[in-house]
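Structure first, then comments.
In my numbering, the protein residues as written are 1 to 360.
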């Protein structure tokens, strides 16, 4: 176990692991005062080596990224969506051949959000300390406790994956998990695609159509400015301020200025926002797609939900692994979505069609 802070050490380590078939990977980052996550530490483990790479030191990480993005090397990770976002923001792409132990564990009976600590205890009888989860990973030098925590996050990860894979094979569900992991790396999450991030603005879905149009404009404007300034979006305009602005029918520059409490927006930017709201022609194309959605019967939704409850009990996995309410609605209305693809379709499509026919 060692901390890598110099180029020579990194190059030597990468040369040692470049022919591995499987590596464990984790990241530590900060995101408290910035829009973009700041990668601070990247941990890699093989069956015989463990290293923490200080990403804030003056070293070239190109060789590291080559290994992370090597399709031949399986990357074992736990709950890797945020790690994937960081890889994308640093490289403009997402590594392939990822095995996520949180996703995989859900198919052998664990909660879909099961933590790494719980999994280690249950599968390997290994106990780790997670007290450093919220520590400041940008601070240097790193404390001994932080490094121990970082090492713990990858030391037993490959062995954990092997334990889960063995159970998946016995249940004949390994292909299900590979499909889920494949789908994960082909999703655009978080800052990988901000075109619909306005939907996360608290209270925005309760607005009337014209108000919603205004709120979307402000939300998208806020996102663009926050990214440019690299500060958290709510440091510019809070969600409740966006809602208040959108509800005001007589907006002036002064009104907008009074509604925004942040001191991080300049006079010119207030003017820019006012002109945007005043001059942008209403476009409801995004909203009209929502209103076009086919209505479904409550009885159909109830019937599908009951079937999935029964199926999840039979499989001894959580119902949310099979489908969310949104997935059920999409299938009932359009025969599209998760329930119409891959292992779910093969396993349940015929049954679902029968259930819906019986509910007519």
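For every residue, glycine included, the Cβ atom is placed at its ideal position computed from N, Cα and C.
With a threshold of 16 other CB atoms inside 10 Å of the CB of residue i, please say whether the residue is buried or exposed.
i           : result
residue 153 : buried
residue 75  : buried
residue 131 : exposed
residue 32  : exposed
residue 146 : buried
residue 149 : buried
residue 170 : exposed
residue 310 : exposed
residue 160 : buried
residue 102 : buried
residue 394 : The first residue shown for the chain is 1 and the last is 360, placing residue 394 beyond what the model contains.
residue 328 : buried
residue 48  : exposed
Residue i lies in the alpha helix (DSSP H); which residues open and close that run?
i           : result
residue 215 : 209-229
residue 328 : 325-334
residue 101 : 101-106
residue 181 : 174-185
If you draw a straight line from the alpha carbon of residue i to that of residue j, how long is it in whole angstroms?
i           : j           : result
residue 214 : residue 241 : 12 angstroms
residue 165 : residue 117 : 18 angstroms
residue 140 : residue 25  : 22 angstroms
residue 64  : residue 4   : 12 angstroms
residue 298 : residue 212 : 27 angstroms
residue 255 : residue 195 : 27 angstroms
residue 245 : residue 276 : 13 angstroms
residue 205 : residue 251 : 21 angstroms
residue 28  : residue 296 : 44 angstroms
residue 321 : residue 259 : 42 angstroms
residue 359 : residue 133 : 49 angstroms
residue 317 : residue 104 : 11 angstroms
residue 114 : residue 126 : 15 angstroms
residue 98  : residue 248 : 48 angstroms
residue 1   : residue 45  : 9 angstroms
residue 352 : residue 128 : 43 angstroms
residue 155 : residue 52  : 11 angstroms
In terms of alpha-carbon separation, which member of the options lies closest to residue i?
i           : options            : result
residue 282 : 206, 217, 11, 25   : 217
residue 7   : 60, 258, 120, 89   : 60
residue 35  : 234, 328, 68       : 234
residue 13  : 30, 43, 250        : 43
residue 177 : 228, 109, 67       : 109
residue 238 : 111, 202, 296      : 202
residue 56  : 19, 37, 72         : 37
residue 198 : 220, 180, 181      : 220
residue 264 : 244, 280, 228, 250 : 228
residue 100 : 92, 90, 112        : 112
Which residue comes first and which comes last in the beta strand (DSSP E) that contains residue i?
i           : result
residue 2   : 2-4
residue 165 : That residue, residue 165, is in no beta strand (DSSP E); its alpha helix (DSSP H) goes 157-171.
residue 38  : 38-45
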